[in-house]
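S.K.: Protein chains in written order, with this note's numbering: chain H, 1 to 491; chain B, 1001 to 1491.
Take this structure, written in structure tokens, and hold onto it; I'll ask about it next.
Protein chains: 2
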Amino acid sequence: MAKELTKRSENYSQWYNDLVLKADLAENSAVRGCMVIKPYGYAIWEKIQAQLDKMFKDTGHSNAYFPLFIPKSYFSKEASHVEGFAKECAVVTHYRLKQDPNGPGVIVDEDAKLEEELIVRPTSETIIWDTYRNWIQSYRDLPLLINQWANVVRWEMRTRLFLRTAEFLWQEGHTAHATKEEAIEETIQMINVYAEFARDWMAMPVIIGSKTESERFAGALETYTIEALMQDGKALQSGTSHFLGQNFAKAFDVKFTNQEGKQDYVWATSWGVSTRLMGALIMAHADDNGLVLPPKLAPIQVVIVPIYKGKDEMDAIYQAGEKLRKEIAEAGFAVKFDHRDTHKPGFKFAEYELKGVPVRLALGPRDVASGNVELARRDTLEKKVYPQAGIVDVIRELLDEMQQNIYKKAEVFRDENTYQVDTWDEFKDIINNKGGFVMAHWDGTAETEDKIKNETKATVRCIPQNNPLEEGICVYSGKPSVQRVLFAKAY
Amino acid sequence: MAKELTKRSENYSQWYNDLVLKADLAENSAVRGCMVIKPYGYAIWEKIQAQLDKMFKDTGHSNAYFPLFIPKSYFSKEASHVEGFAKECAVVTHYRLKQDPNGPGVIVDEDAKLEEELIVRPTSETIIWDTYRNWIQSYRDLPLLINQWANVVRWEMRTRLFLRTAEFLWQEGHTAHATKEEAIEETIQMINVYAEFARDWMAMPVIIGSKTESERFAGALETYTIEALMQDGKALQSGTSHFLGQNFAKAFDVKFTNQEGKQDYVWATSWGVSTRLMGALIMAHADDNGLVLPPKLAPIQVVIVPIYKGKDEMDAIYQAGEKLRKEIAEAGFAVKFDHRDTHKPGFKFAEYELKGVPVRLALGPRDVASGNVELARRDTLEKKVYPQAGIVDVIRELLDEMQQNIYKKAEVFRDENTYQVDTWDEFKDIINNKGGFVMAHWDGTAETEDKIKNETKATVRCIPQNNPLEEGICVYSGKPSVQRVLFAKAY
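Shown next, in the form of structure tokens:
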């Protein structure tokens, strides 16, 4: 069958690409580095969006929309931000095309050159803080708790579907506060929201922690991250939340009158997750047969496949199948009855396995006669026969169990692939040969961090939240260290 | 008070601008022609989106996402499309900035020039049909019923918030069909979906019809439109649905094998509505006091405002208000209890009137004592006292009634401002002095259409659906005509 995947053990990277394409999640477009998110992939993204949006609103945030374009000069206003973001980006220089006088087609109209070039937003701190200046006068205008769902563009040279694309979809929260404490609280609240979403919806355990200075967001005083472990032993940064201090307020002159009547600069945070989460979802759970979707994010939670020969058999099965579909739909589950006569049951089984549909019900003539149905669960691939009566209760319990089970499996994998390492030889051996999370002592200098990265490609993923202090010596430099930090190779 | 609006009768255009700004719907950004949609405006847009999205899904469509950028050459592939869309647009020519060697700031890196310029999508037919080529082989792959929610850019010279902006948000449906008949059916289905949404959700009566050849979408064989009448007597095109024939399939070589085993080009439709609907919503219903929102699209349907002096009064009122808030929220309505002590009741009354909140409950010490509450409805500004007990039922009925009433008021206005006109003098008089919809005979030629437009700025808005045939003579040319068509000045 054309849909067969490369095995993970043969070529993990090829397996991932195969899966994204063959499960109809996304594909490369004709435009370098830009992806097309196909309907099935987008349906998963919509489920991710809906839940995150609810969690943002439950914590008091509102959505808004800011311009796609940012004047070039804005990037220079915050010194470290320009270093991080204004380099590889899409630059709009003209606003008109005209007929080519020398042949068919259109050419850029040189008379329509912009006075100042516009950058397609790689992130929106600058344009948003430029706007906030007019929205904030007094402490009564604070906090300002705003989120935006948007597309952004970063001109990446090596792209991979969902993981690193020139254009991607994301949300970016941008909040403004009267005090430093409140801004820090918000930063931490949002990284916890992301971790909760990863755990309860994506069934993905993550390590919450803070970034080292060299891995921080350009312009941030502190960056919190959630780091997940993929099945090939590499880390995937899945969401970040930044405490920006007063840097952007100073760069864009955003002051407010505080309760004592004094002027002060506003405190800022920003936080975001992107379509990269789709990559995380795939690589955390999928197997050699295809996607394994946590039931809470599955666009189709239950599929019913009829097995029949000829029209007579089909009629009876159709009735039984339709009755099941209705019952399951009325109970609030996303169910599909695939009674297409253009494809064989075997094809459909493989198709829904590939697409990670949690529960498959197969319904043949014997099932109709006996009042039973065969149920296959995607996570363990186990099959079992149940009476049709009461199947909704079975499904309800099973989907809950699968959501837990998928999480536990990922957690066991993560724990089994987390190592406490005390020597440089062991560090290199694990990073190069096994992969996984390595907890090791580090002397806290950017210099050592850099050297470790150059020699092994491993980076400090984070200093875990509530990390126990423990005296030790840096695995690389032998200098004193007060705590272990989390190292890994990363996407 | 700073929030006072210009009156409609004084300066309609200024009234609109004032209202958009003062009701916190949107504002101009630092980027020419691009708007910031503020949280309150965006909350209305989210309600519009949610309902349309449901209606699209109920009619079998799925969402997907296609690239923001389109290679320049794509626009030349469909001959009439390039004329309509590839002119005023944002052109990306470079993909990198670098530090300015001559000073602070960044400049465009001339070494990073794209081989082919990229256009920020003004609409996505070309990139989508280029993608569909690989998705469609057989009639089994059809129909393809896809929608995209996205931002698009058209470099408009004269912009107005929501009505005409360089960047705007929209949805664009792009469907592919095996037969002409099915594609036409889809085109009509979707204009009817828009009309139903306008009527039942926006409380806005519209005329459904088809565009004349000169007003059609660039590349379409037929364009259907819904036209609404604004309070200043101008029409606002509120949604369009296009039958594209095989034009894009031929331009991008999208063929399929039909049931007879023969190759044929695929039939196409596209349809869209945008943040322009926000402009329509404002201008259809708002008054000199501010927005009037149909309850179904109001982010806040009920606001409770306490009226008190000092802390003692406040404590009792707070308890009663909070009890009301809970009851109303539990009944499923969007309710806000505004107990801020930083603003006076009068300020709050004006604020929520300006923002078009349908129902306002005012709660003072006497109300708490008597168990009553004063209710004000936004559409008629009537006030009436009700017992607090049973207020939820009052609100439920009232919101329904207001939704109907707002529609009826707009319908009466539309009908009173629709004229059957038979002479050129009368035509000019009404168009120039009264405004409104003018039903007049037209000879069916683009030449006459052009002359009428040049002399009066009125255009044929549409040939109404199920238009009765009626012999007559063209108001302008005196030539024979078979039907009246709908003329108006338009946004």
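Just so you know, even glycine gets a beta-carbon here, dropped at the ideal spot from N, CA and C.
All figures in this text were calculated on a predicted structure; none of them were measured in a lab.
#1: Return the residue from the list H:38, H:62, H:154 that minimises the CA-CA distance to residue 1066 (chain B).
#2: Starting from residue 293 (chain H), find everything on chain B with Cβ-Cβ shorter than 8 Å and list it in chain order.
#3: Leaving aside the five residues before and after residue 1376 (chain B) along the sequence, list all residues of the same chain whose C-beta is less than 6 Å from its C-beta, in chain order.
#4: For chain H, is any of its Cβ atoms less than 8 Å away from the one on residue 1094 (chain B)?
#5: Between the stretch 1086–1096 of chain B and the stretch 1111–1131 of chain B, do three or more beta carbon pairs fall short of 8 Å?
#6: If you measure between the beta carbons of residue 1437 (chain B) and residue 1417 (chain B), is that distance less than 8 Å?
#7: For residue 1062 (chain B), which residues of its own chain have a beta-carbon under 8 Å away from its beta-carbon, when the five flanking residues on both sides are left out?
#8: Under the rule that 16 or more other beta-carbon atoms within 10 Å means buried, what is residue 52 (chain H), buried or exposed?
#9: Given this structure, state the Cα-to-Cα distance separating residue 1293 (chain B) from residue 280 (chain H), to the nearest angstrom.
#10: Per DSSP, what kind of secondary structure is residue 61 (chain H) in: helix, strand or coil?
#11: Please return the same chain residues whose Cβ sits closer than 6 Å to the Cβ of residue 1274 (chain B), not counting the five positions on each side in sequence.
#12: Can you tell me whether DSSP reads residue 527 (chain H) as helix, strand or coil?
#13: I'd like the ranges of any beta strand (DSSP E) spanning at least 3 consecutive residues and lying wholly in the stretch 93–122 of chain H.
#14: Going along the chain, which residues of its own chain have a beta-carbon closer than 8 Å to the beta-carbon of residue 1165 (chain B), five neighbours each way excluded?
#15: So, do the stretch 1472–1479 of chain B and the stretch 1420–1432 of chain B have three or more beta carbon pairs nearer to each other than 8 Å?
#16: Does residue 306 (chain H) get closer than 8 Å to chain B when you measure Cβ to Cβ?
#17: According to DSSP, is residue 1013 (chain B) part of a helix, a strand, or is it coil?
#18: Is there a C-beta anywhere in chain B that falls below 8 Å from the one on residue 130 (chain H)?
#19: Against residue 75 (chain H), what residues of chain B qualify as contacts under a CB-to-CB distance less than 7 Å, listed in chain order?
#20: Counting only runs that start and end within the stretch 1341–1389 of chain B, where is the alpha helix (DSSP H) found for 4 or more residues in a row?
#21: Just the chain D side, please: which residues come within less than 9 Å of residue 155 (chain H) by C-beta, in chain order?
#22: By the DSSP assignment, the beta strand (DSSP E) with residue 27 (chain H) in it spans what residues?
#23: Counting only runs of 3+ residues fully inside the stretch 385–428 of chain H, write out the beta strand (DSSP E) ranges in chain order.
#24: Go ahead and pull the three-state DSSP assignment for residue 129 (chain H).
#25: So what's residue 1008 (chain B) in DSSP terms, helix, strand or just coil?
#26: Excluding five sequence neighbours on each side, which residues of the same chain lie with their C-beta closer than 6 Å to the C-beta of residue 56 (chain H)?
#27: Listing by chain order, which chain B residues have their CB less than 9 Å from the CB of residue 342 (chain H)?
#28: Got a sec: is the Cβ-Cβ distance from residue 65 (chain H) to anything in chain B below 8 Å?
#29: Exposed or buried, residue 1218 (chain B), counting other C-beta atoms within 10 Å across all chains shown (16 or more means buried)?
#30: Using C-beta distances below 6 Å, list every residue in its chain close to residue 41 (chain H), excluding the 5 sequence neighbours before and after it, in chain order.
#31: By DSSP, does residue 1199 (chain B) sit in helix, in strand, or in coil?
#32: Taking Cβ positions, are residue 140 (chain H) and residue 254 (chain H) nearer each other than 8 Å?
#33: By the 10 Å Cβ neighbour count, where 16 or more other Cβ atoms means buried, how is residue 205 (chain H) classified, buried or exposed?
#34: Would you report the Cα separation of residue 1265 (chain B) and residue 1249 (chain B), rounded to the nearest angstrom?
#35: Is the shortest distance between the beta-carbon of residue 1270 (chain B) and the beta-carbons of chain H less than 8 Å?
#36: Hey, could you find the ends of the beta strand (DSSP E) residue 1461 (chain B) is sitting in?
M.R.: In short, the structure shows the following:
#1: H:38
#2: Near residue 293 (chain H) there are no residues of chain B at all, since even the closest Cβ is about 17 Å away, more than 8 Å.
#3: 1360, 1383
#4: yes
#5: yes
#6: yes
#7: 1145, 1146, 1147
#8: buried
#9: 42 Å
#10: coil
#11: 1168, 1170
#12: With chain H covering only 1 through 491, there is no way to say anything about residue 527 (chain H).
#13: 106–108, 113–120
#14: 1033, 1034, 1035, 1156, 1159, 1275
#15: yes
#16: no
#17: helix
#18: yes
#19: 1106
#20: 1345–1354, 1365–1370
#21: Of the protein chains in the structure, H and B, none is chain D.
#22: 26–28
#23: 418–421
#24: helix
#25: coil
#26: 147
#27: 1140
#28: yes
#29: buried
#30: 25, 26
#31: helix
#32: no
#33: buried
#34: 6 Å
#35: no
#36: 1459–1464
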